[in-house]
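Data block below; observations after.
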Amino acid sequence: MVESVSSGPLPRYHQLKEVIRDRIRRGEWSPGDLIPSERELCERYGISRMTARQSITELVSEGLLYREQGKGTFVSRTKIAQQLLRLTGFTEDMRAREQRPGAKVLSAEMWPADDAAAERLRIKVGQPVYRLRRLRLADSEPLALETSCINFIGCERLLDYNLEQHSLYHLLDATFDVPLLEADQELEADLAGELESGLLEVAIGSPVLRTRRVTITRRNQPVEFATSVYRGDTYRFYTRMVRDQR
Ligand code: GLP
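Take the sequence shown: its position 157, counted from the start at 1, is 164 in this note's numbering, and no numbers get skipped.
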């Protein structure tokens, strides 16, 4: 158990980082808890303000803590790891983690495909596709913003379903007989804009992960073009790579 900060061989900021890490590991400080201020840490461990600040700053950049302007520094929650090996939807991912999936529908409409959607879905610009914009929740907490453009013959029938209560992937597979076979997905880092920060309940400029997915059905036909914005503090993506055998 690491409890004190002394003039040992390790730099003091490093020792304080270990003290904080240890408290979190032991569950003394839980995700979402406010940790003591820099001033309190200085007093408690007899260290300078600069040392306290350096420890906190490093733990923030490592993702263990996060700062909220005017409020203080908090313990981050464990990130949701989304595997990139199997094609799954949000509902399945959350159920696998024993979290309650949820959705708030921001809009559901027939919408004329723009250049990006037309290119990915291999249709003409302006062709109507079903477009669904949802805020995705896990245990009622906002995690991601998703816009899915769906194209197949009869896709307008999706308008009859309430996508707050249904899984889109389940509907396509089971009700519409549009099996989802594979997907190409791109992933990039970005910062939350004004609208996104409001919906995802993070500060403007917070880190987010953007993904673009094209999902394929039978006969190699693209059926979904989805763009998603995930909160950088709650999501981690992982994949496994196999080296070519020579
Ligand atoms: C993921 C994908 C989206 C997809 C969604 C379906 O989050 N990024 O492209 O539309 O899952 O989720 P559900 O089946 O829960 O509606």
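The beta-carbon is built from N, C-alpha and C at its ideal position, and this holds for glycine as well.
- Measuring C-alpha to C-alpha distances from A88 to each of L206, R217, T241 and R247 identifies T241 as the nearest.
- Around the CB of E193, fewer than 16 other CB atoms lie within 10 Å, so the residue is classed as exposed.
- Around the C-beta of E231, 16 or more other C-beta atoms lie within 10 Å, and the residue is accordingly described as buried.
- Look at A190 here: in three-state DSSP terms it is strand.
- Using a Cβ distance threshold of 8 Å, A151 and S235 count as a contacting pair.
- Between the alpha carbons of D146 and R84 lies a gap of roughly 13 Å.
- Distance between I130 and R102, taken at the CA atoms: about 34 Å.
- Secondary structure at L91: coil, using DSSP grouped into helix, strand and coil.
- Under the DSSP definition of a beta bridge, Y245 partners with Q90.
- Residue state for G205 is assigned as helix, using DSSP reduced to three classes.
- Taken in chain order, the complete beta strand (DSSP E) segments of 3 residues or longer contained in the segment 97-147 are 108-119 and 135-145.
- Membership of Y73 in the beta strand (DSSP E) is indicated by the continuous run L72 to E75.
- Between P135 and Q172, the alpha-carbon positions lie close to 24 Å from each other.
- Taking the Cβ of L150 as the reference point, every heavy atom of the ligand GLP lies at 7 Å or farther away.
- In this structure, the CA atom of R219 is about 10 Å from the CA atom of A190.
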